[in-house]
Amino acid sequence: MANLERLQPRWLLPIRPSATLLIDHDLIHQNGQIIDILPRETANQDYPLATCLPLPGKVLMPGLVNCHGHAAMTLLRGYADDYKLMTWLNDYIWPVEAKVVSPEFVEAGAWLAATEMIQSGTTCAADSYFFRESTVEGFAKVGVRSQITTPILNFPSAWADSERHHLDKSLNFFEWAVGRPNLTTGFAPHAPYTVSDGGFEQILRYSNDLDLIIHLHLHESKEEITLHHAEHGNRPIARLRALGLINSRLQAVHMTDLTEVEINQLAAAKVRIAHCPESNLKLASGICPTQTLLKRGIIVGLGTDGAASNNDLDMFQELRAAAMLAKVTSGDPTALDAFSALEMATIGGAEFLGLSDLIGSLEPGKAADMIAVDLSDIRHQPVYHPISQLAYTATGQDVTHTWVAGQLLYAERQHNSSDVTALTAEVARWQAKIQGMS
7 MANLERLQPR WLLPIRPSAT LLIDHDLIHQ NGQIIDILPR ETANQDYPLA TCLPLPGKVL
67 MPGLVNCHGH AAMTLLRGYA DDYKLMTWLN DYIWPVEAKV VSPEFVEAGA WLAATEMIQS
127 GTTCAADSYF FRESTVEGFA KVGVRSQITT PILNFPSAWA DSERHHLDKS LNFFEWAVGR
187 PNLTTGFAPH APYTVSDGGF EQILRYSNDL DLIIHLHLHE SKEEITLHHA EHGNRPIARL
247 RALGLINSRL QAVHMTDLTE VEINQLAAAK VRIAHCPESN LKLASGICPT QTLLKRGIIV
307 GLGTDGAASN NDLDMFQELR AAAMLAKVTS GDPTALDAFS ALEMATIGGA EFLGLSDLIG
367 SLEPGKAADM IAVDLSDIRH QPVYHPISQL AYTATGQDVT HTWVAGQLLY AERQHNSSDV
427 TALTAEVARW QAKIQGMS
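Below, the structure is given as C-alpha cells:
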C-alpha cells in the first residue's frame with residue numbers, strides 16, 4: 007500500500023470508455039500508474055489505507071496533449087503580432103532568432119513554456135526547435151512529458167551550419183536522449199520550402215532505420231503552396247509523396263489547404279495531423295478541415311504552436327477554438343461536439359504521438375498523467391453538463407492540480423516543481439536583452 011493515493015473528485019472523465027462521466031468515483035494510483043477506478047463506497051472498502059485527496063467541485067480528467075509547439079519561442083511572446091506568416095518569419099522572427107538563440111535562451115524558454123503548460127493542464131507536449139538538449143533540461147525543471155524533435159533546414163541556423171550538419175546533430179541528440187524518462191524523439195524538417203529533396207531522402211532513410219517519426223509543417227498556408235508550386239511545379243504533398251514521406255510515420259502540422267485527392271492519400275497512408283487553430287487564425291493561414299479528416303479515419307490532434315504566434319499555450323482555449331471552427335466552416339452546430347473536442351485534446355493527441363497505450367485516457371495500467379479542473383467558480387454555474395463546461399467555458403486558469411507519471415507538479419494552483427520566482431527573474435533578463443537589440 008506504500009505510495010497508494012486515492013483521488014476523490016466530484017466528477018471523473020476518463021475519456022475511455024467514450025463519453026463516460028463518472029460521479030463520486032475515486033481513482034487509485036501508485037508508482038506513476040493508474041491502479042483502479044471505482045465507486046467511492048467501494049473504494050472505502052477496497053483501499054482503506056490509501057492516502058485520500060478530496061477534490062470537491064472538480065473534474066478529474068486526462069492531462070491535455072499539445073501536439074505542436076516551439077517552447078523556446080515563449081520568450082518571444084508578443085514580439086511580432088498582426089503579420090502574415092511569411093512576413094512574420096522573414097522580417098521579424100528569423101532575424102531576432104539569429105541574434106539571441108543559444109542553449110541558454112532555449113533552456114529558459116522551455117522552462118517558461120513547461121511552467122505555463124503544467125499550470126494550464128498540459129501534461130505532454132511535442133516540441134520542435136534548436137538546441138534540443140537545452141529544451142530537455144528546461145522541461146526537466148518542471149516535469150512535463152515530451153516528444154522532442156530536431157530541426158532540419160537547408161540553410162545555416164544558430165544550431166547547425168548546413169542541412170547535413172542538422173542531420174548529424176540530430177543523430178547525436180537521439181543517442182544522448184536514450185533512456186531519459188518521459189521523452190520520445192524524432193526528426194522535424196521545418197517545411198517543404200526549407201528542406202531539399204536530398205535532405206528529405208536522408209531523413210526518410212534514417213526515420214525508417216531508427217523507427218523515428220517525422221514532424222513537419224505542411225500546407226500551412228495558401229501562400230506556401232503557391233510559392234512551392236512556382237519553384238517545384240507541384241503542391242507540397244505531391245512532392246513529398248514522390249519522395250516517399252507521405253507515410254504512417256509522418257506527423258503533418260497545420261494542413262490548412264487540402265484537396266479531396268490529397269485527403270484520400272493522407273488517409274490511405276495513415277498520416278497523422280496536428281491542428282493549430284488559434285495560431286492559424288492569428289496568422290490568417292487558413293483552417294484545417296478537421297471534420298472531413300476525422301470522417302476519413304485520420305488521427306487529428308491539437309497543438310498551440312509557439313506562444314510567439316498564438317500567444318498562449320492554453321489547450322482549453324485551443325480545443326474550444328477547434329470546436330467553433332468546425333461548426334462554422336461546416337455550417338453544422340453538431341460538428342466536433344464538446345466531447346469530441348476533449349477527445350482531440352487528450353486521446354487524439356496521444357494517438358498522434360504514438361503514445362495512446364500510455365497516456366490520453368484514465369484507465370488502469372496507464373500512466374497517471376492527470377489534471378483536476380475546478381467547476382465551482384461562478385463562471386461555471388449552473389453546471390448542467392460538466393463535459394460541455396470543460397469544452398465551452400473552462401480555461402487553463404481553472405486547472406488546480408496536475409500530475410505527470412503520478413508526480414503532483416501543481417497543487418491548489420501552486421507549482422511544486424518549477425521555481426516561479428527564479429523563472430520570472432530569468433524571463434525579465436531575456437526580455438531586457440531582446441528589447442536592447444531592437
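Count along the sequence shown from 1, then add 6; that gives the number in this note's numbering. For each residue, glycine too, the CB sits at the ideal point set by N, CA and C. Computed from a predicted structure; not experimentally measured.
Query	Result
Could you pull out every residue in the same chain whose Cβ sits closer than 7 Å to the Cβ of T298, ignoring the five residues on either side in sequence?	I269
Round the Cβ separation of G312 and G75 to the nearest angstrom and send it over; I've been treating them as touching at under 8 Å.	6 Å
Grouping DSSP H, G and I as helix and E and B as strand, with all else coil, what is H407?	strand
Under 8 Å, do G371 and Q39 count as touching if we go by C-beta distance?	yes
With burial defined as no fewer than 16 other Cβ atoms inside 10 Å of the residue's Cβ, what is the status of Q387: buried or exposed?	exposed
Which residue marks the beginning of the alpha helix (DSSP H) containing M330, and which one marks its end?	M321 to S336
The beta strand (DSSP E) that contains R12, what's its start and end?	E11 to L18
Can you tell me whether T120 is buried or exposed? The criterion is at least 16 other CB atoms within 10 Å of its CB, across all chains shown.	According to the sequence displayed, residue 120 carries Ala and not Thr. Under this definition A120 is a buried residue.
Leaving out the 5 sequence neighbours to the left and right, which residues in its chain are closer than 8 Å to L173 when beta-carbon positions are compared?	I158, G205, Q208, I209 and Y212
Excluding the 5 residues flanking I231 on each side, which residues of the same chain have their C-beta closer than 8 Å to its C-beta?	H225, R241, P242 and D263
Report the partner residues of F193 according to the DSSP bridge assignment.	T156 and I220
Check N270 in the structure and name its three-state DSSP category.	helix
Among T80, L218, S168 and L27, which residue has its Cα nearest to the Cα of F180?	L218
Any idea if E391 is buried or exposed, counting beta-carbon neighbours within 10 angstroms, 16 or more meaning buried?	One detail in the question is off: residue 391 reads as His in this sequence, not Glu. When all chains shown are included, H391 counts as exposed.
Which runs of the alpha helix (DSSP H), 4 residues or longer, sit entirely within the segment 65-110?	100-106
Give a yes or no on whether the C-beta atoms belonging to M123 and A314 are separated by under 8 Å.	no
My output table needs one value for Y212: the three-state DSSP class, helix, strand or coil.	helix
Between which residues of its own chain and L28 is the CB-CB distance below 6 Å, once the five residues before and five after are set aside?	L18
Using only CA atoms, which one of L13, N50 and P68 lies nearest to L364?	P68
Mind checking which residues open and close the beta strand (DSSP E) that includes L44?	Q39 to P45
When you compare the CB positions of E349 and I21, do they come within less than 8 Å of one another, or not?	yes
Using a 10 Å radius around the Cβ and a threshold of 16 neighbouring Cβ atoms, would you call V112 buried or exposed?	buried
I need the straight-line Cα distance from W182 to G355, nearest angstrom please.	25 Å
Given R46, which residues of its chain have a CB within under 6 Å of its CB, disregarding the five upstream and five downstream residues?	D30 and D32
With three or more beta-carbon pairs closer than 8 Å as the criterion, would you say the segment 233-252 touches the segment 287-306?	no
Label I377 either buried or exposed according to how many other C-beta atoms from any shown protein chain fall within 10 Å of its C-beta, with 16 as the threshold for buried.	buried
Label Q51 either buried or exposed according to how many other C-beta atoms from any shown protein chain fall within 10 Å of its C-beta, with 16 as the threshold for buried.	exposed
Pick out whichever of A25, I440 and Q14 has its Cα sitting closest to the Cα of I353.	A25
In chain order, what residues of the same chain have a beta carbon less than 8 Å from the beta carbon of L44, not counting five sequence neighbours either side?	H31, D32, I34 and D52
My output table needs one value for Y398: the three-state DSSP class, helix, strand or coil.	helix
Taking C-beta to C-beta, are I99 and L81 nearer than 8 Å?	no
Tell me whether P295 is buried or exposed, calling it buried when 16 or more other Cβ atoms sit within 10 Å of its Cβ.	buried
Suppose the cutoff is 6 Å on Cβ atoms and the five residues either side in sequence are ignored; what does the same chain contact list for G144 look like?	E113, A116 and W117
Quick one: Cα of A146 to Cα of L414, how far?	14 Å
Please go through the same chain and pick out, in chain order, the residues whose beta-carbon is closer than 7 Å to the beta-carbon of S362, but skip the five residues on each side of it.	I353 and A356
Would a check of beta-carbon distances place H235 closer than 8 Å to chain B?	Protein chains in the displayed structure number just one, and chain B is not present.
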